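Residues in the sequence shown are numbered consecutively from 6, following the numbering used here. In what follows, a structure is listed as structure tokens, so that the remarks can point back to it.
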Amino acid sequence: MKRDRAFLIFSPEASGNRMLINLLVAAGCKGATGYKQPFHQDFDKEIPQAGDGDIVWLRSVPHAGEMPDIKLMVYLVRNKGYEPVVLMPIRAWWIHKQSHFLSGRAGSIDDADNRIRNAWRFIMREVSTILPRLEFYFISYDEMCRNPEKAIPSILSMLGLNSVGFDFIDGNSKYYERQSNGRQNERRQLV
6 MKRDRAFLIF SPEASGNRML INLLVAAGCK GATGYKQPFH QDFDKEIPQA
56 GDGDIVWLRS VPHAGEMPDI KLMVYLVRNK GYEPVVLMPI RAWWIHKQSH
106 FLSGRAGSID DADNRIRNAW RFIMREVSTI LPRLEFYFIS YDEMCRNPEK
156 AIPSILSMLG LNSVGFDFID GNSKYYERQS NGRQNERRQL V
């Protein structure tokens, strides 16, 4: 009998993680698409017992200014009967830096670069200590932007989820436009 899965999304801020959780919720996983995630406060008490389907839980790194306890999160979902599956959305580096900087998460492009590198170092260190017992995937946000009609159903199929209609918004094109206009390091509101 197939166990319910807990899809745990870990990535630096502005890497496509919000889009990925929206996709998995649309595909039937229990979870929330907003900034307030379920299982957030007292998460060891709020995680439902497995038996009612897959769940998805997003944790940006850092989260609320602190590095999350990834090993504890994996332990907690296992303890509730889930099979943990780690998803790590990745994004083109220069676009990721732009998004990180322009969203106000970093004071400069260099600061964005450092924050993203530190987040990935932390994630990889934490995940690598539990890898022999953990299923994990890197999910390319850029591929979804280039070819959503094929990439999204392929990702869902790879994860064993049903394909769904999903309104994907290409969050990368505005950065290509900024680059072609020579404004990539200029902070202003992106629409």
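Note that the Cβ used here is the ideal one computed from N, Cα and C, for glycine as well. Note that the coordinates shown come from a computational prediction; the quantities given were computed from them, not determined experimentally.
| Asked | Found |
| --- | --- |
| I160, DSSP secondary structure in three states | helix |
| Cβ shell of A124 (< 6 angstroms), same chain only, five flanking positions each side left out | P17, V66 |
| DSSP three-state assignment for R130, whether helix, strand or coil | helix |
| Nearest-angstrom Cβ-Cβ length linking I52 and L81, presumed shorter than 8 angstroms | 6 angstroms |
| Cβ-heavy atom distance, G176 to the ligand GDP, below 6 angstroms | Annotation note on the ligand GDP: not contained in the displayed structure, which lists no ligands. |
| Residue span of the alpha helix (DSSP H) that contains M78, given as start and end | 75 to 84 |
| Assumed close pair V169, A31 - CB separation to whole angstroms, cut-off 8 angstroms | 5 angstroms |
| Through-space distance from L161 to Y197, alpha-carbon basis | What the structure shows of the chain is the stretch from 6 to 196, and residue 197 is not part of that stretch, so it cannot be assessed. |
| Beta bridge counterpart(s) of I26 as assigned by DSSP | Note: I26 sits in no beta bridge, so no partner. |
| For V91 and L28, believed in contact at Cβ under 8 angstroms, the rounded distance | Incorrect: roughly 16 angstroms between the Cβ atoms, too far for contact. |
| Supposed close pair R64, F15 - CB separation, criterion 8 angstroms | 6 angstroms |
| Sequence-distant residues of its chain with Cβ nearer than 8 angstroms to Q46 (five each side left out) | Note that Q46 scores 48 on pLDDT, short of 50, meaning its location in the model is unreliable and no value can be drawn from it. |
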